[in-house]
Each structure stands twice: as structure tokens, then as C-alpha cells.
Ligand SMILES: C[S@@+](CC[C@H](N)C(=O)[O-])C[C@H]1O[C@@H](n2cnc3c(N)ncnc32)[C@H](O)[C@@H]1O
């Protein structure tokens, strides 16, 4: 039975403080769904005074398993461990299949940005839970996308991405950043703008990018689609084709820095009303076998409340380990964040 050791990113502790070890184990557990075999005896192991996450498998990991592990948000390096007490470390070449570089998600800084490592975790959970098949195109939607952190992470993975955001300035900044990034890095791209209205009333402004990691892919019609919708997420199914989305991943308004607007136009500090109203629309655009992963501030809403709303809208909420408690972590004084994940079956 081969033994493996994962070295975590040195910055991982700074993002999650005391919760980092637990979060890493939870993400690894969630990865089991897309691995060809189980990771056995997952535990923390001290090697030369440095902490590793160790596990064993019955057979050596295959290429697709290595891609799954390479994508996990805490994985800095992977080794085969030879020997027990002071093992010899043999590096395994990581390959996440990235289409764009990580700086796409790290360059833009602003207050209210969802941490990049956490966003990667959110997108990973969505990808691990959905039924997408290797080499098949994946469509990711962030229905509350802010300035696009989730979308940029999706692009790195080569997904088609769509984002919906109410705030005009947020969308403008995301669009301007992406246009400049693609131009500066000389990625082939095309940008188009359009509007959508209903009964003479404007519903949304749409900015679409087509781009690819290489000129060859762009010319061969393999360009990724990146869509920004400046409008209300309650109109999701008017903007986006039904049964076309594989993953919904979003960091909900926190009721601290961001508010959430509702159909009545009122401003509430609690995202419960927003989710309650939006979920039926989100459900319509998702394919069968797709996933929805949301993060939120547990001070403003209990997990059971979101779970009930998801179930009422026809989703199958993930329960047991690691879903019940494995992703809870403190962000700051006012925010304890958690993740809820569900599937459309
Ligand atoms: C926590 S922030 C997301 C931040 C984002 N992940 C990022 O890194 O930029 C939540 C976002 O939801 C947006 N929002 C709130 N209500 C909305 C609605 N009804 N439709 C679309 N977006 C909404 C807010 O404007 C805010 O930008």
C-alpha cells in the first residue's frame, strides 16, 4: 500500500488560523467522490518538525487522482513516503490542468473580497460534488459574484463562467480588470456588451468575454465563455439558459459589509430572504447531477435554515462528515463562516 504525504501551503494557516488543519482534512474527505480509490488512514504526521497530511491508498494514485489532489486549496506539494518513522520523500509532479495562472485571482485587491484560498475551496467543493466528466466542459455560476473572484478561479480551471451582481461598480471593476489582464498578458480574446429588457424595463447589462489559454485553442473554437450580468440574481433564469449550469458557487452577502437587496427593494442585513427568493430561480438553471455550494456568516443565519430552504427548492443537502461541521471557521470578530453543499438530483 503506497503512503503519501501532503505539504500544506505555508500561507494556509494565516487564512484559517486554528481551523486550517480541520479544513484541509475536510476538503480531502470531500475529494473522495472524484478519486478512483479511497484515501485510507488520513492523519497529520510530523516529519522533521514539519506537519504533513498523510494517507495511504491500496493502489498507486492515477493521473486523474493526481489532478484532483493538485487542485485542493491547501496542497503545496505531494510526496510518496518511503519508510515509517523518518520516511524518505519522493516528490510527485502536480498537475491541476490550469488554463490561466494563479495571478488572475490574486492581483485584484479590495475590501469585501472573498479570500482566494477560500474561494478555491468553494469552487473545488462544487466541482467535486457535480457529475462533470473529465474533458467535458463545465459551466460555473456565481449568482452573487461581487468583483469576480469565483469566476476567475473557474477560468483558471478552464470552466465556462457566469456571474450575476447587482452593484454596478463591482461589475465595472471586474470587467475592466479582466480586459486589462487578458490584454497585458496577450491572451486572445473578444469582448461584447449587450442589454436585456422586459416590458420596456432594463433587466441587466451583459458583458461577455471569449478567451483561451492558447492561440491554438482560441482559433480551434475552444474558447472559454465568461459572462458578467449586472442585474438582480432573482432574475437568474431570465439571464441564463435552463439546465445549463454544472456548479453554483457563491459567497453570500454577509450582513456586515454587504447588504442584500430583495424583490421589494428593501435592504436587509439577513441573506435568508434573498436565498429563499433566489433558490427556485437558481434551481431552474442547474442541470441534473449539478451542485450548489454556498458560504455565509453563521451569526446571521443558522445552517438548518439554509438547509430547509435548499430542501424546499428540491435540492439534496449533503450531510454527515465532513459536511455537518467540517468547514466552519472564524473570519474575524463579526464573521464565523460555514459552507453548505447540495446536489440537484
Ligand atoms: C460576499 S459578496 C461576494 C464577494 C465576491 N465573492 C468577491 O470576492 O468579490 C456578496 C455580493 O452579493 C451581491 N448581491 C447582494 N444581493 C444581490 C442580488 N439580489 N443580486 C445580485 N447580487 C447581489 C452584493 O452586492 C455583493 O457584492
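Numbering (this note's numbering), first residue to last: 399 to 743.
Beta carbons are placed, not taken as given, at the ideal position from N, Cα and C, and that holds for glycine.
Just so you know, these numbers come straight off a predicted model, no measurement behind them.
- Task: Report all residues from its chain with a CB closer than 8 Å to the CB of residue 383; omit the five preceding and five following residues, and keep chain order.
- Result: Given that the chain is displayed from residue 399 to residue 743, the structure contains no residue 383 and the question cannot be resolved.
- Item | Cα-Cα separation, residue 526 to residue 431 | 6 Å
- Query: Where does residue 694 sit, in a helix, a strand or coil, going by DSSP?
  - Reply: strand
- Message: Taking its Cβ as the centre, do 16 or more other Cβ atoms sit within 10 Å of residue 461, making it buried, or is it exposed?
- Response: exposed
- Task: Could you work out which residue in 619, 541 and 721 is closest to residue 738 when comparing CA atoms only?
- Result: 721
- Query: Under the DSSP definition of a beta bridge, which residues are partnered with residue 555?
  - Reply: Looking at the DSSP assignment, residue 555 forms no beta bridge with any residue, so it has no partner.
- What do you get for residue 735, buried or exposed, if any count of 16 or more other CB atoms within 10 angstroms of its CB means buried? buried
- Spell out a yes or no on whether the segment 641-650 and the segment 611-627 are touching, meaning 3 or more CB-CB pairs, one atom from each, closer than 8 Å. no
- Query: If you draw a straight line from the C-alpha of residue 401 to the C-alpha of residue 638, how long is it?
  - Reply: 45 Å
- Message: Excluding the 5 residues flanking residue 518 on each side, which residues of the same chain have their C-beta closer than 6 Å to its C-beta?
- Response: 471 and 551
- Would the beta-carbon of residue 632 fall within 8 Å of that of residue 675? yes
- Item | Stretch-stretch touch, CB-based, cutoff 8 Å, three pairs: the segment 588-604 with the segment 524-541 | no
- Message: Using C-beta distances below 7 Å, list every residue in its chain close to residue 466, excluding the 5 sequence neighbours before and after it, in chain order.
- Response: 429, 432 and 433
- Query: Would you report the Cα separation of residue 677 and residue 581, rounded to the nearest angstrom?
  - Reply: 36 Å
- Query: Just checking my contact of residue 511 with residue 545 at CB under 8 Å: how many whole Å lie between their CB atoms?
  - Reply: 7 Å
- Task: Could you name the residues that DSSP lists as bridge partners for residue 475?
- Result: 405
- Item | residue 725, DSSP secondary structure in three states | coil
- Query: Ends of the beta strand (DSSP E) at residue 592?
  - Reply: 587-596
- Item | Extent of the continuous beta strand (DSSP E) to which residue 627 belongs | 622-629
- Message: To the nearest angstrom, how far is the alpha carbon of residue 477 from that of residue 420?
- Response: 20 Å
- With 16 other Cβ atoms within 10 Å as the buried cut-off, status of residue 669: buried
- Query: Can the beta-carbon of residue 529 be found less than 8 Å from the beta-carbon of residue 687?
  - Reply: yes
- Task: Output yes or no for whether 8 Å exceeds the beta carbon distance between residue 567 and residue 503.
- Result: no
- Query: What is the DSSP secondary structure of residue 615, counted as helix, strand or coil?
  - Reply: helix
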